[in-house]
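Below is one structure, written out as structure tokens; the observations come after it.
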Amino acid sequence: MVISIASGKGGTGKTTVGVNLAVSLDKRVRFFDCDVEEPNAHLFLKPIINERTAVNTFVPEIDFTKCTYCGKCGEICQFNAIAVLKDYVLTFPELCHSCRGCLFVCPEKAVQESSRELGVIEQGRAGQVEFIHGRLRIGEAMSPPLIRAVKERIDKRQINIIDAPPGTSCPVIAALKGADFALLVTEPTPFGLNDLILAVEAVRALKIPLGVVLNRAGNGDVCVQSYLARENIPLLLEIPMDRKIAEAYSRGQMIVDVMPEWKEKFRGLYQKIEDILNGNRWGNA
Amino acid sequence: MKELTIISGKGGTGKTSLVAAFASLAVNKVIVDGDVDAADLHLILKPEIKTHEEFKGGRKAVINPDLCTACGQCIELCQFKAISKDYVIDEFSCEGCGVCVHFCPVQAIEFPENICGEWFVSETRLGPFVHAKLGIAEENSGKLITTIRRQAEKLGEERGLDMILIDGPPGIGCPVIAATTGASAVLVVTEPTVSGVHDLERVGELTKYFKIPAMVCINKFDINLDVADRIEKYCVQEGFELVGKIPYDPIFTEAMIAEKTIIEYSPNGLSEMVRGMWGRIINRMETI
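For the record, the sequence lines run as chains P and H.
Here the working numbering is used: position 36 in the first sequence is 36, and no number is missing along the way.
Here the working numbering is used: position 55 in the second sequence is 1055, and no number is missing along the way.
The following block contains the structure:
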């Protein structure tokens, strides 16, 4: 089972929901922080990291003893990562998408495999939780390949919880793809609703069943609830606006650390997801 | 023309509320919503759209089943696992590299230009506004941000304005790089939480990597005074000017629900603090 937690944008409580859910289940859970630009779940789960792997991606390197400056590599590159001059070939590794087109197309085999580092994957353990996250190298623009590398460690036999990055474009799609269920976290404000609608569109485009957690409930208006009712989207959990929760969060504590009774509610959340996937209670979302 | 990008490491720190407040205070500026992935500033500015343009970014491959001979070359060459066993290209996985198009022996793959969003030039009660909407699940948010920044620069020059005020995207990746490189300065809005500090450090490294002068504002500083203190020390150590500390206040949410900037919604109290901070930002910008 793969549950991806997304939100349209950051700061809505995605990580809060993910880490609390992970520690509340009395089962082996694999937790993936796929917000590789700003991974934060480790600050709450506090895993002991026992493995670190650099993730590299292909970039071309030109062997000038073979290159005839025919220009074919520059022509095939859609990302302006290669420019062929009269007697030189410029490569821009940071623009390269690693499609290997230049490598395939070169008639002289003058394009060779080189690599650039995207970031690192760190894996460790926090109690029952097997923890995996990616950290994008500062200055690296492309997060999806690193997200995909993190997700290669999914074990379908276990419960896999994925903390997705914010937004609705390529990084989120990379984190959502292949999930069995998308849990969208929002808050009851016009901004929250606006971003939720975008997230719902993205999840529906990927044809993944979805449900919503409303965070900071009571802090805004009812625009989100009306939308959910209108769209027939199940509201699976409400977390109230509570300064105690905000202060715990600020110290790197989880809700269940300061209010252990919430374990039961997060277990209930998981149960509802299972019910939806089994078509028991909520029908097809 | 000075260009100030407001970023935050991540969403939810109050960035857009602050940008809206600055839009109330700044004169002679163009406002830009650079968070094209999940734009929110229009909810407060209520723009009247004047021009509307399609945004084309890259291409996507499409296999014509009538011509395809199922030879398997494209599947073998695609580095993004975007082509299924029955020769259908998954648009969410296709990066538009064109390798399959080039190597298809029977030219069965088309490569049309992809319309992946739209952008707008609008008028608002607080000044001209350039904003965009990226299509769902589309890439190229960085290119779209660059497009609207160029448009804002053009507009600013035409109208003889002094400043471009950009509400930036979250993170440290492609969209943030596109929204900040070449800007005169960035303001990082952070909050005193352990994750806030972590995000600030990552985004702080980014501004150093690209050599952009950075200022910092701590929002909701009274949620955790110890962490707020740590952030202050971090700023001193890294040479980031701390321009403001704003207390936690539900008035931000109230103003948002009323579709107003906090300066418009409640001119006293908190607004005075934001006004003071804006004065410090302007002073700092003048030295750059």
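Just so you know, even glycine gets a beta-carbon here, dropped at the ideal spot from N, CA and C.
Bear in mind that the values here come from a model prediction, so they are computed numbers and not experimental data.
{"Item": "Contact the region 37-56 of chain P vs the region 103-111 of chain P: 3+ CB pairs below 8 Å", "Value": "no"}
{"Item": "Chain-ordered neighbours of ASN1114 of chain H on chain P, where CB pairs are closer than 7 Å", "Value": "Those do not exist, as ASN1114 of chain H stays about 11 Å from chain P at its closest Cβ, beyond 7 Å."}
{"Item": "GLN112 of chain P, enclosing alpha helix (DSSP H) - first and last residue", "Value": "Segment 111-126 is the beta strand (DSSP E) holding GLN112 of chain P; no alpha helix (DSSP H) there."}
{"Item": "Listed by chain order, chain P residues near CYS1097 of chain H by CB distance under 7 Å", "Value": "GLN78, HIS97, CYS99, GLY101"}
{"Item": "Limits of the alpha helix (DSSP H) - the one that ARG28 of chain P falls within", "Value": "Looking at the DSSP string, ARG28 of chain P is not in any alpha helix (DSSP H), and its letter there is neither H nor E."}
{"Item": "Test: THR1253 of chain H CB closer than 8 Å to a CB of chain P", "Value": "yes"}
{"Item": "Other residues of its chain near CYS67 of chain P: CB distance less than 7 Å, five sequence neighbours each side excluded", "Value": "VAL89, GLU108, ALA110"}
{"Item": "Beta-carbon proximity check, VAL1176 of chain H vs VAL1188 of chain H, cutoff 8 Å", "Value": "no"}
{"Item": "Three-state class that DSSP yields for CYS1078 of chain H in the structure shown", "Value": "coil"}
{"Item": "Neighbourhood of GLY167 of chain P by C-beta, 8 Å cutoff - its chain only, sequence neighbours within 5 removed", "Value": "GLY8, LYS9"}
{"Item": "Near-chain P residues of the region 1165-1181 of chain H - C-beta to any C-beta below 9 Å", "Value": "PRO1169, PRO1170, GLY1171, ILE1172, GLY1173, CYS1174, PRO1175, VAL1176, ILE1177, ALA1178"}
{"Item": "Contacting residues, own chain, Cβ-Cβ under 8 Å from ALA1228 of chain H (five flanking each side not counted)", "Value": "PRO1192, ILE1218, PHE1221, ASP1222, LYS1245"}
{"Item": "Any chain H beta carbon closer than 8 Å to ALA285 of chain P", "Value": "At ALA285 of chain P, the pLDDT of 42 sits below 50, so the modelled position is not reliable and the matter cannot be decided from this model."}
{"Item": "Beta-carbon separation (whole angstroms), LEU136 of chain P vs LEU118 of chain P, contact threshold 8 Å", "Value": "7 Å"}
{"Item": "Straight-line Cα distance separating ALA1108 of chain H from THR1069 of chain H", "Value": "8 Å"}
{"Item": "Spatial distance of GLY1279 of chain H from GLU1264 of chain H (CA atoms)", "Value": "18 Å"}
{"Item": "Any chain B beta carbon closer than 8 Å to ASN56 of chain P", "Value": "Note that chain B does not occur in the displayed structure, where the protein chains are P and H."}
{"Item": "For ALA6 of chain P, the residue or residues it bridges with in DSSP", "Value": "P:LEU184"}
{"Item": "Range of the contiguous alpha helix (DSSP H) that encloses VAL150 of chain P", "Value": "144-151"}
{"Item": "Unbroken beta strand (DSSP E) run spanning PRO240 of chain P, endpoints", "Value": "235-240"}
{"Item": "TYR249 of chain P at chain H interface by Cβ criterion, 8 Å", "Value": "yes"}
{"Item": "Extent of the continuous beta strand (DSSP E) to which ALA1185 of chain H belongs", "Value": "1185-1190"}
{"Item": "Cβ separation of PHE1103 of chain H and ALA1061 of chain H, assumed to be a contact under 8 Å, to the nearest whole Å", "Value": "That belief does not hold up - the Cβ atoms of PHE1103 of chain H and ALA1061 of chain H are roughly 11 Å apart, past 8 Å."}
{"Item": "Exposure label - CYS1071 of chain H; buried when at least 16 CB within 10 Å", "Value": "exposed"}
{"Item": "Chain H contact for ALA141 of chain P (CB, 8 Å cutoff)", "Value": "yes"}
{"Item": "LEU1165 of chain H - containing alpha helix (DSSP H), residue span", "Value": "Per DSSP, LEU1165 of chain H belongs to no alpha helix (DSSP H); it is in the beta strand (DSSP E), 1163-1167."}
{"Item": "Proximity of LEU1067 of chain H and SER1184 of chain H at Cβ, strictly below 8 Å", "Value": "no"}
{"Item": "Inter-residue Cα distance where the pair is ARG1125 of chain H and ILE1257 of chain H", "Value": "18 Å"}
{"Item": "Residues near LEU1041 of chain H in its chain [Cβ-Cβ closer than 6 Å; skip 5 each side]", "Value": "THR1016, ASP1033, ASP1167"}
{"Item": "Beta strand (DSSP E) segment containing MET1215 of chain H, residue limits", "Value": "1214-1219"}
{"Item": "Proximity below 8 Å, CB of ASN215 of chain P to CB of ILE239 of chain P", "Value": "yes"}
{"Item": "Under the three-state DSSP convention, the category ASP1090 of chain H falls into", "Value": "coil"}
{"Item": "VAL303 of chain P at chain H interface by Cβ criterion, 8 Å", "Value": "Residue 303 of chain P lies beyond the range of chain P shown here (1 to 285); nothing can be said about it."}
{"Item": "Any C-beta of chain P under 8 Å from that of ASN1224 of chain H", "Value": "yes"}
{"Item": "Per-residue burial, VAL29 of chain P [other beta carbons within 10 Å of its own, 16 or more giving buried]", "Value": "buried"}
{"Item": "Beta-carbon proximity list for SER98 of chain P, same chain, < 8 Å, skipping 5 on both sides", "Value": "THR57, PHE58, VAL59, PRO145"}
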